[in-house]
Structure formats: C-alpha cells, structure tokens
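Visitor: Here the protein sequences line up with chains L and V, keeping their order. Going letter by letter, the first sequence gives residues 224 to 384 in my numbering. Going letter by letter, the second sequence gives residues 187 to 513 in my numbering. Glycine included, each C-beta is placed from N, C-alpha and C at the ideal position.
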Amino acid sequence: MTSPTTIPIHLTINGHDHSLEVEPRVTLLDALRDRLDLTGTKKGCDQGQCGACTVHVDGERVLACLTLAAQVEGRSITTIEGLVEADGTLHAVQAAFLEQDAFQCGYCTPGQIMSAVACIREGHAGSDEEIREYMAGNLCRCGAYPHIVAAVRQAALEVQS
Amino acid sequence: MRDFSYLRATSPAAAREAAALPGAMLLAGGTTLLDLAKCGVAEPETLVDISHLKGLDTIEVGEHGARLGALAKMSQVAGHEGIKSRFPAVSEALWQAASAQIRNMASIGGNLMQRTRCPYFRDPANFPACNKREPGSGCSAIGGVTRGHAVLGTSEACIAMYPGDLAVALVAFDATVHLGERQLSVDDFFLLPGTTPEREHAIQPGEMITQISIPASAAARRSTYLKVRDRQSYEFAAASAAVGIELEADGRTIRDLRVALGGVATKPWRARAVEEALKGKVLEEDAVRRASLLAVEGAVDHGANHYKIELAPRVVARAILKTGAMA
Ligand SMILES: Cc1cc2nc3c(=O)[nH]c(=O)nc-3n(C[C@H](O)[C@H](O)[C@H](O)COP(=O)(O)OP(=O)(O)OC[C@H]3O[C@@H](n4cnc5c(N)ncnc54)[C@H](O)[C@@H]3O)c2cc1C
Ligand code: SF4
Ligand code: FES
Ligand code: FES
C-alpha cells in the first residue's frame, strides 16, 4: 500500500485549468479557498449541514466540503467567481439577490446563489413552496429567507422569459 | 481528518480487490464517509473511489420492476419518470431526504450503507463509550439524551436509530440488494444490533453493492412515503412510513398492504402485523387507526424518545388513509 503523501491533481475551475499538489484528504472546499485563493465559496459547518460551500460540478450543485479535490479531477467546476460575465455583467440570480435585498451578513449568499442557479435550471423553482423545499439545503443564520425566496422567484421568471 | 491514500478504481473487479485490503474503504458520493472521517469515526487508510466507474449508474424500469445501479444518484432515481409512476413511495422517500446538493452527490449503494446519526457515535473525542464504534466499550446513549433514538429493535448494547428513508420504502416492496452475484433481501441486508451493533449490514469485506432491484406490484404503484420531522425539510425523520395498497375490484377492500417504518427502529422496519390485520378488511378510518397501533408492538422507550411510540402509529394511519384516497 502506498503511504499517504501529496498527489498531483489538475482541476478545471470556471473554465481555467489549475495544477496543484495536495494531500489526498484535501477537500475541494479547502483547495479552492486555501490553495487557489477562490474564497467566494464559504465554509460554514464543513460537514454537509449548511450549504455555504455549494459549487457546481459538471453543472450540478454539490457540497465542496464533502467532495475530495482528487475526486473531481476531470470534471468541470463552477464557483461563485465564475458566474459573472467577462464584461462584469452579473448573473440574473446575482442581480435578483441585490434587487430583493436577499442577504444580511452575506455569509451564506454565495452558496444560496449557486444553489439557486441550479434550482432554476433543474426546474424546481415553479412556486414559492417548491423554491423553499429545493433551497432547503442552504441555511441562513440571519433568516433572510423571505427575501431569498423572492429573489429566486424573480430570477426564475427572468431566466425563463 | 487523518490522511489516507486515494485510488481511482478502473473496474468493479479492481475496486473489490482494492477494497478487500485492510484499512481500505469504497468511496462513492462521500457524503457519509467524508463526514464520518471528519468526526474521527471512520479512519480509512485508503479510499477506493468508485464514483467514476461506468455502467453502474443505470436506472431501468419495466413490467418486471426496477433495477437501480449502485452508482445512480439519489436525485436521478427520485426524478426518474418510471420510478415516479410505478414506485411513487421510492421517489418520495428520496426527494424528502437530505438536500438537493447531497442528493446530487449521494449514490444509491452508499445510501444503503449510511450510518446512524446517534450523536454519541459521531463524537468519539467526548464519548469514548459506544458499542457500535468500539465493541464492548458501553453505550453513552442509554441514560443520556435519547430523543432521536430507536424504540423498536433495540438491544442492551445499542439503541441507535436507522436514519435513512429510501431503505424504508425498499423494505416495504421486497427489494433485493445485489452484491455482484450474491443477492439478499433488503430486510436481511440490515442487521439488528443484538450483541454485535458494530455490524449493521450483511456485507463482507471485498463485497460491493452493484444493483438494487424492486419487483413490480400493484401496491408499489399506489404508494406513499410520509415523513414527519422536527423541521419541514433537510432533516431526518422523527417517524416516517412507506405504505402501498392494492384494493379489490370493489374499490374498498384491501387485497394487499405494505407498511414499513422509518425514524423509530434500529433498521428499516416492516410492520407485518399492521398488514395482516387489515388485509381482506374494508379500508375505513377506525379499523386503520386500530391496526396502526400494532406498528409499535414490543416498543421500548428510553425516556425522551417515548413520543415516537405515540407518533409512529399516527404516521402509519395517516399514510394508509392518504394512500387509500389516492386515485
Ligand atoms: C446533512 C445530511 C443530511 C442527510 N439527510 C438524510 C435524510 O434525510 N435521509 C436519508 O436517507 N439520508 C440522509 N443523509 C444521508 C445520505 O443519504 C447518505 O450520506 C448518502 O446516501 C450516502 O451515499 P454516498 O454515495 O455519499 O456514500 P459514501 O459516503 O461514499 O459511502 C458511504 C459508505 O458506503 C460504502 N459504499 C459506498 N458505495 C458502496 C457500494 N456500492 N458497495 C458497498 N459499499 C459502498 C462506503 O465505503 C462507505 O462506508 C444525509 C446526509 C447528510 C450529510
Ligand atoms: S446507541 Fe449505539 S451508536 Fe449510540 S452510543 Fe449507544 S452503542 Fe453507540
Ligand atoms: S460548509 Fe459544506 S455544507 Fe456547510
Ligand atoms: S445572510 Fe447572514 S447567513 Fe444568510
């Protein structure tokens, strides 16, 4: 059996390729924040219970804290930093969060936004009830929930039209 | 989290071989395994990543029933049109579990292997005594805070609750776990704690779940999963029930009934006494409520979890009445 040491990995994040050496136990969350300076993705619980670390892998929302960096080699990763267009135009969900004042401290917001983008794409933003159920994996300690639901509803209408 | 080495499996055979080595564990979605590694409960030396294996994630639904590849994601099975129409309780058990993010990561095989959420089990630093973790060390839950612990199937060694949802629906509809060639009913796959709570599944080192099959039945087609919990979503069950009903041509006499409970027992719990009491009877509320009390026959509480003994029969009755009223 090989003894644990660092391994070379290549990650594709927001369309850019990165090569790094990590211990196999390094999560995607820690690789993003501590190694690649992509600190927009937040660490809340680090145990799958809050959704602050939500990113997309091959277009689907997942938790970066329960994903090994080595495990997503060869997959396409999108973080909150990758939503904005090259000319600085915000994604419809980002704009809706600003317009609806859908945050207080903002700590949960990158995770909420990444989750909302996927929620709309999945077709799970059809009603407030459905939005609440399919956004339940993102907790907000500030309790900004009513505004978050309003922002997702607004963005869903814009994206669909 | 202690470090480990990482190996990406290239075939199911290679995965089984690598996982049979001491200290090695299979890694699928990682939502149980990495969580427990962070808690210091799982201490793997090697993780054998099976999440990139091809061909193990197919979902087939036909006249015979359903076949779910072990690497199919919870979200894929929950949203599959054939599962939604022929096995609604299976779809509902899945979409009411965990969160959208976790369901995109978690595999069906890993789901059957999830461990208890007993807070003492998950906290070795503060609670060294746990028979499930360290056989013979005692049980910190007995005499401790037991609100989330089981009332059915417990032993003096362990009262940990089985937390999953999917397997409750699977056990109601007589599903089979495929470990390569070897096959076991889901009911036999889950073990009671008895004197060996460290063994939860009838799986041997080097074995891998490859598929789960569910036979088609009229009861599975008319089925519901009802989950009652402390908060409305993203929470484990306080009590849940998977129910399926087949009625006679008269539209009111029960020909076949399936009832299984979650959130209250040490394994997915088939409530055959309730089924037997109602088969051949007319589906009406008083009879259903009386029969549902049989769901908790033999239940033993440990103080704070007493409420489950009252809650479970109500959840069963509500689920039967709801399923009976389905078109
Ligand atoms: C915050 C949170 C909330 C949750 N809420 C719920 C809930 O409400 N309801 C519910 O049912 N579940 C819930 N879960 C549990 C979740 O469903 C499981 O963690 C998940 O299904 C495990 O699948 P996985 O692919 O991630 O498994 P992994 O973590 O990759 O593996 C789990 C175990 O199974 C073994 N394994 C994996 N695949 C195989 C295989 N093919 N053959 C043999 N062994 C295998 C691994 O070695 C490991 O021991 C929750 C989890 C979290 C973190
Ligand atoms: S109930 Fe079981 S898992 Fe929990 S502390 Fe006791 S022995 Fe451990
Ligand atoms: S930091 Fe990943 S879910 Fe909380
Ligand atoms: S805005 Fe503060 S946690 Fe959500």
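For Pro198 (chain V) and chain L, any beta-carbon pair shorter than 7 Å?
Guide: Position 12 of the second sequence holds residue 198 (chain V). False, the Cβ-Cβ gap to chain L never drops below 7 Å.
Visitor: Contact criterion: CB-CB distance below 7 Å. Does Tyr192 (chain V) meet it with respect to chain L?
Guide: Start at 1 with the first residue of the second sequence, and residue 192 (chain V) comes out as number 6. True, the Cβ-Cβ gap to chain L drops below 7 Å.
Visitor: For ligand 3, any of its heavy atoms closer than 6 Å to the Cβ of Gly430 (chain V)?
Guide: One-based indexing of the second sequence puts residue 430 (chain V) at position 244. Not so, every heavy atom of ligand 3 lies at least 6 Å from the Cβ.
Visitor: Buried or exposed: Asn312 (chain V), going by 16 or more other Cβ atoms within 10 Å of its Cβ?
Guide: In the second sequence, counting from the first residue as 1, residue 312 (chain V) sits at position 126. Burial call: exposed.
Visitor: With a threshold of 6 Å (Cβ to nearest heavy atom), would Phe422 (chain V) be considered close to ligand 2?
Guide: Along the second sequence, read from residue 1 onward, the residue named residue 422 (chain V) stands at position 236. Result no, Cβ not under 6 Å from ligand 2.
Visitor: Would Arg244 (chain V) pass as an interface residue toward chain L - the criterion being a Cβ-Cβ separation below 7 Å?
Guide: For the purposes of this step, residue 244 (chain V) is taken as the residue at position 58 of the second sequence. First, the residue type needs correcting, since residue 244 (chain V) is Thr and not Arg in the sequence shown. False, the Cβ-Cβ gap to chain L never drops below 7 Å.
Visitor: Applying the criterion that 16 or more other CB atoms from any shown protein chain within 10 Å of the CB defines a buried residue, is Met512 (chain V) buried or exposed?
Guide: Here the question's residue 512 (chain V) lines up with position 326 in the second sequence. Exposure of Met512 (chain V) is indicated by the presence of fewer than 16 other C-beta atoms within 10 angstroms of its C-beta.
Visitor: Select from V:Ile294, V:Leu433 and V:Tyr348 the residue whose C-alpha is nearest the C-alpha of Leu213 (chain V).
Guide: Here residue 213 (chain V) refers to the residue found at position 27 of the second sequence. Closest option to Leu213 (chain V), Cα to Cα, is V:Ile294.
Visitor: Check this for me: beta carbons of Ser409 (chain V) and Gly392 (chain V), under 7 Å apart or not?
Guide: As a first step, residue 409 (chain V) is located in the second sequence; it is residue number 223 there, counting from the start. As a first step, residue 392 (chain V) is located in the second sequence; it is residue number 206 there, counting from the start. Not a contact, by the Cβ cut-off of 7 Å.
Visitor: Can you tell me where the alpha helix (DSSP H) holding Ala315 (chain L) begins and where it ends?
Guide: Here residue 315 (chain L) refers to the residue found at position 92 when the first sequence is read from its first residue. Ala315 (chain L) -> alpha helix (DSSP H) spans Ala315 to Glu322.
Visitor: For Asp281 (chain L), which residues in the same chain have their Cβ closer than 6 Å to its Cβ, ignoring the five residues on either side in sequence?
Guide: Position 58 of the first sequence, counted from the first residue, corresponds to residue 281 (chain L). In chain order, Arg298 and Ser299 place their CB closer than 6 Å to the CB of Asp281 (chain L), counting only its own chain and leaving out the 5 sequence neighbours on each side.
Visitor: May I ask whether a heavy atom of ligand 4 can be found less than 6 Å away from the beta carbon of Arg364 (chain L)?
Guide: Residue 364 (chain L) sits at position 141 when you count from the first residue of the first sequence. Yes, the beta carbon of Arg364 (chain L) sits closer than 6 Å to at least one heavy atom of ligand 4.
Visitor: Once you ignore the five residues that flank Met224 (chain L) on each side, which residues in its own chain have a CB closer than 7 Å to its CB?
Guide: What you label residue 224 (chain L) is simply residue 1 of the first sequence in a count that begins at 1. The predicted position of Met224 (chain L) is uncertain, since its pLDDT is 42 and thus under 50; a value taken from the coordinates is nonetheless stated next. Once the five neighbours on either side are set aside, Met224 (chain L) has no close Cβ partner at all.
Visitor: Which partner residues of Val285 (chain L) appear in the DSSP bridge assignment?
Guide: The sequence position of residue 285 (chain L) within the first sequence is 62, counting from 1. DSSP, once it has assigned bridges, lists L:Val278 as partnering Val285 (chain L).
Visitor: For a contact defined as C-beta to C-beta under 7 Å, what are the partners of Tyr357 (chain L) on chain V?
Guide: As a first step, residue 357 (chain L) must be located in the first sequence, where it is residue number 134. One finds Ala286 in chain V with Cβ atoms closer than 7 Å to the Cβ of Tyr357 (chain L), taken in chain order.
Visitor: Answer yes or no: does any C-beta atom of chain L fall closer than 7 Å to that of Ala290 (chain V)?
Guide: Position 104 of the second sequence, counting from 1, holds the residue named residue 290 (chain V). For the sequence presented, residue 290 (chain V) should be read as Asn rather than Ala. Yes, its Cβ sits closer than 7 Å to a Cβ of chain L.
Visitor: Would Glu308 (chain L) and Leu261 (chain L) be called neighbours here (beta carbons separated by less than 7 Å)?
Guide: By 1-based counting over the first sequence, the position of residue 308 (chain L) is 85. By 1-based counting over the first sequence, the position of residue 261 (chain L) is 38. Not in contact: Glu308 (chain L) and Leu261 (chain L) (Cβ atoms no closer than 7 Å).
Visitor: Comparing C-alpha positions only, which one of V:Thr381, V:Met394, V:Leu443 and V:Glu386 sits nearest to Arg368 (chain V)?
Guide: By one-based count along the second sequence, residue 368 (chain V) stands at place 182. It is V:Met394.
Visitor: Look at Ala428 (chain V) and Ala457 (chain V) and say whether their C-beta atoms are less than 7 Å apart.
Guide: The residue labelled residue 428 (chain V) in the question sits at position 242 within the second sequence. The residue labelled residue 457 (chain V) in the question sits at position 271 within the second sequence. Contact: no.
Visitor: Find out if the Cβ-Cβ distance for the pair Glu267 (chain V), Tyr411 (chain V) is shorter than 7 Å.
Guide: Position 81 of the second sequence, counting from 1, holds the residue named residue 267 (chain V). Position 225 of the second sequence, counting from 1, holds the residue named residue 411 (chain V). No. Outside cutoff.
Visitor: Do Asn237 (chain L) and Thr301 (chain L) come within 7 Å of each other at the CB atom, strictly closer than that value?
Guide: Residue numbering aside, residue 301 (chain L) sits at position 78 when the first sequence is read from its first letter. Residue numbering aside, residue 237 (chain L) sits at position 14 when the first sequence is read from its first letter. Their beta carbons are under 7 Å apart, which means Thr301 (chain L) touches Asn237 (chain L) by this criterion.
Visitor: Around the Cβ of Tyr306 (chain V), are there at least 16 other Cβ atoms within 10 angstroms (buried) or fewer (exposed)?
Guide: Stepping through the second sequence from its first residue, residue 306 (chain V) is reached at position 120. Burial call: buried.
Visitor: For Thr301 (chain L), which residues in chain V fall below 8 Å Cβ to Cβ?
Guide: In the first sequence, counting from the first residue as 1, residue 301 (chain L) sits at position 78. Under the 8 Å cutoff, chain V gives no residues; its nearest Cβ is about 13 Å from Thr301 (chain L).
Visitor: Tell me which residues pass a beta-carbon proximity test against ligand 3: closer than 6 Å to any heavy atom, given in chain order.
Guide: L:Lys266, L:Gly267, L:Cys268, L:Asp269, L:Gly271, L:Gln272, L:Cys273, L:Gly274, L:Ala275, L:Cys276, L:Leu286 and L:Cys288
Visitor: For the stretch 415 to 426 of chain V, which residues have a CB atom closer than 8 Å to at least one CB atom of chain L, in sequence order?
Guide: Gln418, Ser419 and Tyr420
Visitor: Hey, is the stretch 282 to 290 of chain L in contact with the stretch 278 to 291 of chain V, meaning 3+ C-beta pairs nearer than 8 Å?
Guide: yes
Visitor: To the nearest whole angstrom, what separates the beta carbons of Leu377 (chain V) and Ala485 (chain V), a pair I think is in contact under 8 Å?
Guide: Here the question's residue 377 (chain V) lines up with position 191 in the second sequence. Here the question's residue 485 (chain V) lines up with position 299 in the second sequence. That pair is no contact at about 19 Å.
Visitor: Taking only heavy atoms of ligand 1 into account, decide whether any of them is closer than 6 Å to the Cβ of Ser293 (chain V).
Guide: Along the second sequence, read from residue 1 onward, the residue named residue 293 (chain V) stands at position 107. Ser293 (chain V) Cβ: within cutoff of ligand 1.
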